[in-house]
Amino acid sequence: METLKENKNFKRVYEYGYSRASKYLVLYWLENSETKNRYGFSISTKVGKAVQRNKIRRRLKEIIRYQEKKENLQIGFDVVFIVRQRAAGLEFSRLKKNVIYLFSKAGLYKKKEQQ
RNA sequence: UAAGUUAACCGAAGGGCCGCAGUCAUUACUGUAUAUCCUUUCUAAUAUAUCUUUUAUUUUAAAAAAGGAUUGAUUUAAAAACUAUUUUAAAGGAUAUAACUUAUAUGACUGAGGAAAGUCCGAGCUCCACAGGGCAGGGUGCCGGGUAAUCCCCGGUAGGGGUGACCCUCAGGAAAGUGCCACAGAAACCAGACCGCUUUUCGGCAGCAAAAAGUCAUUCCGGGACCUGCAGUUAACUGCUUUAGGGUCCAGGCAGAUUAAGCUUUUUGGAUCCGAGAGGUAAGGGUGAAAAGGUGAGGUAAGAGCUCACCAGAGUUCAGGUAACUGAGCUGCUGGGCAAACCCCGCCUGGAGCAAGUCCUAAUAGGGGAACGUUAAGGCUGCCCGCCAUGUUCCCGGGUAAGGACGCUAGAGGUAUCAGGCAACUGGUACCCAAGAUAGAUGGCCGCUUGAAAACAGAACUCGGCUUACAGGUUAACUUAUCCU
Numbered sequence: 022m023e024t025l026k027e028n029k030n031f032k033r034v035y036e037y038g039y040s041r042a043s044k045y046l047v048l049y050w051l052e053n054s055e056t057k058n059r060y061g062f063s064i065s066t067k068v069g070k071a072v073q074r075n076k077i078r079r080r081l082k083e084i085i086r087y088q089e090k091k092e093n094l095q096i097g098f099d100v101v102f103i104v105r106q107r108a109a110g111l112e113f114s115r116l117k118k119n120v121i122y123l124f125s126k127a128g129l130y131k132k133k134e135q136q
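For what it's worth, our numbering labels the leading residue of the first sequence as 22, then goes sequentially.
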């Protein structure tokens, strides 16, 4: 999985991309010119200390890895997740539901007819 | 058994399926190198002919020969071309080889903490030209030891707390100097006199004392009302008693006694009293965090270490201890706190930090104008000295800040054991190597199994400490209390 690293990439997504939000997460996405999806995670210190934030980031990565493998996400997007303060201490299953909800809301899954 | 004290340690383990990072191994493909062969181009050299066969280029110059033969035909020199062979270099292709290179493939191994945290001390390492001197500044502070070093650790001393095991301490100097001590209180530092106590001087006579004179019935007398037993010092006991004794109140009388007391007046006095002044005093009162050693006795006008005894403190001598300090004797009578106020004394101390810094590759720039100027500005923490290297500053214009490697994890390392030391710690021997990323790797699921899986918390150059956070648990030694033997 490729991640967004530079600040300018994040800024580009925020400025020109689309967004959807849930109670715990905010999703931004924007088409890129590559054949892969790239993901960025933004978790502020309000959410928790280093261990907490690290754990949320790892869980999100795991969820996305699974979704890419099983559910056929559309390809060619830069996707940024912003974690809200409420998400501190959230269980894995609820986090997963949130991500799926946001992906479907954003229309990032391939349609069945196309498959 | 209960309640504690101290020290050390653990911080889940295991299984299955996916996933991440690093290292190593193996290869595929790719690349590279070498060898051989082929093709093309290029360079150079030789030959272009007498021999077996076939063929017999062009130009120029010179010389010779011949009229024979043949379609054609002499020799020499120079130049050119063609062809052939060999050779040089380059490009392409094919094949083969390889301790070569390489993953996104496959496999194996390894992969956060006791605090990784706070960044509070101390070091290593790197750069600042050298890392220099003085002053300033900063740090530190009982004594001895440990260590690379420390504000750390160990042992001891002193003071304080606890029945005790044990714990706590920011623990140099207040007779070097300066300063501060609010409020309260008379007085807060050369101590002090508010009350009190006391000596003395002056005045006074309301009171006091003495004397004299006068006067009076609230004194005496009985009566009434109400309350109560009373007397013999208490008790025992005895006596008396309701017509008594005592007390309170009321109205009346003036017969006696005026001695005494009272009252009035007068005089005198200063031991007493009142007022004022001048001293003495630090015992007592009260204030305060703190009041000039404490208690008792003597002493004194009253007091006071004024004197004595004991206690506390100070100085000094001796003894013990490396030392902090401890113990004993003697002298003399003794005045606080704050140094986390300035300060003094001893010791230590250059700055910045791995985004330190070094190397490689690629790219770009090193242009113009103005002002000042050989002592000015800059660097070496501040100032002075000393040193270094150099024009400096401003404006305009242009460019870059990209990637990779090292630093980077083998170290004041760990584990075991032996020796020295009370201990911290040191030394020897043997064995082991255990994250190293660069937007940053440890995750998810199986509501798996173990009684529950839950705390605080995520490496970023590396160590030694300290501090703070922390669910639950383990071990050892010791203390106190109760019970049993």
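Backbone N, C-alpha and C fix where the C-beta goes; we use that ideal spot for every residue, glycine too.
Close-in-space but distant-in-sequence residues of the same chain around residue i (CB under 8 Å, 5 per side omitted)
{"i": "V101", "result": "L25, F31, V34, Y35, G38, L48, Y49, W50, Y60, G61, F62, S63"}
Contacts around residue i, its chain only, beta-carbon distance under 7 Å, and the 5 residues preceding and following it disregarded
{"i": "S43", "result": "N119, Y122, L123"}
{"i": "R78", "result": "F62, I64"}
Pairwise C-alpha distance: residue j and residue i
{"i": "E52", "j": "Q95", "result": "10 Å"}
{"i": "V104", "j": "G97", "result": "23 Å"}
{"i": "V72", "j": "I84", "result": "18 Å"}
{"i": "E89", "j": "S65", "result": "26 Å"}
{"i": "S114", "j": "L46", "result": "14 Å"}
{"i": "K82", "j": "N58", "result": "13 Å"}
Cutoff 6 Å; reference residue i; Cβ partners in own chain excluding five residues on either side
{"i": "G69", "result": "A109"}
{"i": "E112", "result": "none"}
{"i": "L129", "result": "L94, Q95"}
Beta carbon of residue i nearer than 7 Å to that of residue j
{"i": "L116", "j": "R86", "result": "no"}
{"i": "R74", "j": "K126", "result": "no"}
{"i": "K76", "j": "Q106", "result": "no"}
Per DSSP, the bridge partner or partners of residue i
{"i": "R105", "result": "Answer by DSSP bridge pairing: none, since R105 is not bridged."}
{"i": "R41", "result": "L48"}
{"i": "L94", "result": "Y130"}
{"i": "F62", "result": "F102"}
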